[in-house]
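Just so you know, the protein sequences line up as chains D and X, in that order.
Residue numbering for the first sequence is -8 to 331, as defined by the working numbering.
Residue numbering for the second sequence is -8 to 331, as defined by the working numbering.
Heads up, the beta-carbon is just placed ideally off N, CA and C, and yes, glycines get one too.
Only one structure is covered here, and it is reproduced in the block below.
Protein chains: 2
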Amino acid sequence: MATSGARPRRATIFDVAAEANVSRGTVSRMLNGEPYVSDSAREAIEKAIAKVGYVRNMAARNLATQRSKAIALIVHEPHSVFLEDPNIGAILLGTNERLSEADYQLVCLIIGSDRDSARIADYLRGGFVDGAVIVSAREHDPIADAITHIGLPAVFVGHPMSAPDMPYVGIDNRGAARDITRELLATGRKKIGMIAAALDRDSGSERLAGFRDALGDQFDENLVVDFPLYSRDSGVQGMKALLERAGDIDGVFAASDALAAGAMDVLREHGRSVPGDVGIVGFDDSDWALRCQPQLSTVRQPADLLGREAASMVLELVNGVTPETRGRLLPTEIKLRGSA
Amino acid sequence: MATSGARPRRATIFDVAAEANVSRGTVSRMLNGEPYVSDSAREAIEKAIAKVGYVRNMAARNLATQRSKAIALIVHEPHSVFLEDPNIGAILLGTNERLSEADYQLVCLIIGSDRDSARIADYLRGGFVDGAVIVSAREHDPIADAITHIGLPAVFVGHPMSAPDMPYVGIDNRGAARDITRELLATGRKKIGMIAAALDRDSGSERLAGFRDALGDQFDENLVVDFPLYSRDSGVQGMKALLERAGDIDGVFAASDALAAGAMDVLREHGRSVPGDVGIVGFDDSDWALRCQPQLSTVRQPADLLGREAASMVLELVNGVTPETRGRLLPTEIKLRGSA
DNA sequence: GCTTAGTGTGTGAACGCTCCCAGAAAACCA
DNA sequence: TGGTTTTCTGGGAGCGTTCACACACTAAGC
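Written as structure tokens, this is what we have:
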């Protein structure tokens, strides 16, 4: 069966109009729920639509209205962040939920290569979407530049330095990192290191800043290692490096749960107990946190709400409402478990 | 600055034509890389495009050509499968990669609610995409029905019973499940149970069938538990149930790595050693497999290749090529590690 | 009975592009 | 030289909508 070659010509608004004995203007009005359509006409049109099997051609509608009722969600995927990052899925779902409520379609675009970047820029310019939510933008993101240039309503999840004026939603990475590090201090740790990651993104650099805030004078640059990715692998390497630099390290702040999980495995291999010898805390409150033995103390970020909020903001922008604030920060929550 | 109200009128092909002193026909030909455009014209047009800042309006192009150069990837998300399933991300990336090569745009649509279903059906009918890849379809999936009805070229990842005639790519779930179960048997286990999941999807029911194949006479219905989701939680519950039913159980086939991970945690709590007392194997070769102690023996499925292959098939369909075979099965690989 | 306001309807003109045909200009061939 | 082919160009028609305007009909107000 499939769908080869010449599909039968699709019914248009003309066919409906002819079948219902009204004009296409009336059909259009009825389709768009406008007033001034008589009951008799409405009824006839409904019957006609069912009879000829009419469905609106959105491309034509787009062209005429200059809007599409679709919002893009753009995900950067450097080295498969997409697979590693526990938050992206939840952000996606939250965004989808909110847009769905407003009867907008979420269109999710993945940037895997430079070629994708260019094509997606075309896509965004092409009138397929009315706005965009951008996740995990890096500093100097070409897509971010393209969007500001196009003038497409857009909201960032996170707050990249390269687009300081763009609306965004995020969490207070710095404050949360400071707070969780303080928890570590409160358990009496003296020699605390950090496994940082993704310093080219705001989340990464802010978490490092928060760590530094909490330690104050005690901050020791030598006890910070950093990696491009928030991955378990990086955690493994990071912990090894830290142990080498300071065998008597007794506290670690890992910039993500995956990092922390890797670090814990290394500690176990090296015969260090957690939290006995070394206290460790993470960030995200993802799957990883619960899988650790002992379970990880971490910072919970409301990823789904971030998605929802970003969607709300972009809808406001699309509808010409100027949002009250340029950026919105959502509260995080410290989850204390057994690891520190 | 954002993007309020009246954006300046965008340059059209007319503006370019006027600026370059040629007709819009010539501009269109040049834009589409057709032959029969003189070098002088080409040059003038290029200059004009840069000068007026022209970008193609895709909506108009769609309308005229009746195709969109975009392919939908439809993900069902019952109770957040999206977050749990380790394969979906890789499938997504594989699909994106292949489509990108062909200069097609991947548009990923998430079905979260019935409302989404209806809207997405409209979207698909609306001419926004030329074809679709459907992931994790359930039996009697309304979207699957809608697609066959619309006659949109589509390829399934997996092979739902409800759409037996539709093209698909997948793995031999049954064969792979049989083979991994045999590995368990080969270690001398006598009392083997299964934690099954998602029996309403082909992957789930086939894995159960393969398990049954391997055990033959030894198959004991009482040693099979099943859950709606491939989640760690289900694994926890499943293992508890199995231990209750048969305290002397010495082998478990979990239908996913996440299930196996949950099961292993329960075994540890109950003082059973792995693989000493109980051998356990999983399915997927995801993150979970490496996180287990000991690491999990499992079946690796080539999720990224599934995505690539599905993309290739849908491109063939879109271009009117009838694929050689209705379904393609990709090879799996058994990964033996420490758990059995 | 004449205006006025409120309803309901039909139609031409966009929207920005591609397709196709006719014809001009250039190149080739005898 | 004249004819044939090839290369290149312009512009009308059409894709399926919405929008704005004009018009028709009804009911009310004086």
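For residue 114(D), the enclosing alpha helix (DSSP H) has its first and last residue at 105 to 116.
DSSP places residue 11(X) in the uninterrupted alpha helix (DSSP H) bounded by 4 to 11. The beta carbon of residue 310(X) sits no closer than 8 Å to any beta carbon of chain D. At least one CB atom of chain D sits nearer than 8 Å to the CB of residue 101(X). Of all residues in the segment 38 to 52 of chain X, the ones placed with a Cβ closer than 9 Å to any Cβ belonging to chain D are 46, 47, 48, 49, 50, 51, 52, in chain order. Within the same chain, 164, 168, 246 come within 6 Å of residue 198(X) by CB-CB distance, once the 5 residues on both sides are set aside. Considering only beta carbons, the part of the segment 96 to 126 of chain D lying closer than 8 Å to chain X consists of 96, 97, 98, 99, 100, 101, 103, 104, 106, 107, 110, 111, 113, 114, 116, 117, 118, 119, in chain order.
For residue 300(X), no CB of chain D lies under 8 Å from its own CB, so it is not counted at the interface with that chain.
A check of alpha carbon separations from residue 158(X) across 3(X), 87(X), 280(X), 312(X) identifies 312(X) as the nearest. Under the criterion of beta carbons closer than 8 Å, residue 319(X) and residue 300(X) qualify as touching, at roughly 6 Å. At a cut-off of 8 Å between beta-carbon atoms, residue 282(X) makes contact with chain D. For residue 217(X), no alpha helix (DSSP H) segment is defined; the enclosing uninterrupted segment is the beta strand (DSSP E) at 215 to 218.
Between residue 268(D) and residue 255(D), the alpha-carbon positions lie close to 12 Å from each other. In the three-state reduction of the DSSP assignment, residue 315(X) falls in the coil class. Residue 223(D) and residue 189(D) do not touch by the CB rule: their CB atoms are close to 14 Å apart, not below 8 Å. Not a single CB atom of chain X sits nearer than 8 Å to the CB of residue 250(D). At a Cβ-Cβ threshold of 8 Å, residue 146(X) and residue 187(X) do not count as neighbours.
Taking 8 Å as the cut-off, the Cβ atoms of residue 13(D) and residue 40(D) do not count as close.
Going by C-alpha positions, residue 99(D) is about 23 Å away from residue 191(D). Residue 322(D) and residue 293(D) have their C-alpha atoms spaced approximately 8 Å apart.
Among the bridge pairs identified by DSSP, residue 325(X) is matched with 290(X). Among the residues facing chain D, residue 54(X) is included, as its CB has a counterpart in that chain under 8 Å away. DSSP places residue 274(X) in no alpha helix (DSSP H); its state is neither H nor E. Its Cα nearest to that of residue 330(X), the residue 259(X) stands out among 259(X), 310(X), 295(X). For the pair residue 174(X) and residue 277(X), the CB atoms are not nearer than the 8 Å cut-off. Close to residue 94(X), with beta-carbon spacing below 9 Å, are these residues of chain D in chain order: 106, 110. Annotation: the continuous beta strand (DSSP E) that includes residue 122(D) extends over 122 to 126. Segment contact: the segment 107 to 122 of chain D against the segment 53 to 67 of chain D, three or more CB-CB distances shorter than 8 Å; contact assigned. In the DSSP annotation of this structure, the continuous segment of the alpha helix (DSSP H) that includes residue 229(X) starts and ends at 223 to 236. If you draw a straight line from the Cα of residue 204(D) to the Cα of residue 196(D), it comes to about 12 Å. Taking the Cβ atoms as the reference, residue 182(D) lies roughly 20 Å from residue 253(D), outside the contact range of under 8 Å.
When Cβ-Cβ separations below 8 Å define contact, residue 31(X) makes no contact with chain D. Straight through space, the alpha carbons of residue 270(D) and residue 324(X) are spaced by roughly 39 Å. Using beta-carbon distances, residue 91(D) counts as an interface residue toward chain X, with a partner under 8 Å. The alpha-carbon of residue 5(D) is positioned some 28 Å away from that of residue 107(X). For residue 187(X), the uninterrupted beta strand (DSSP E) segment begins and ends at 183 to 188.
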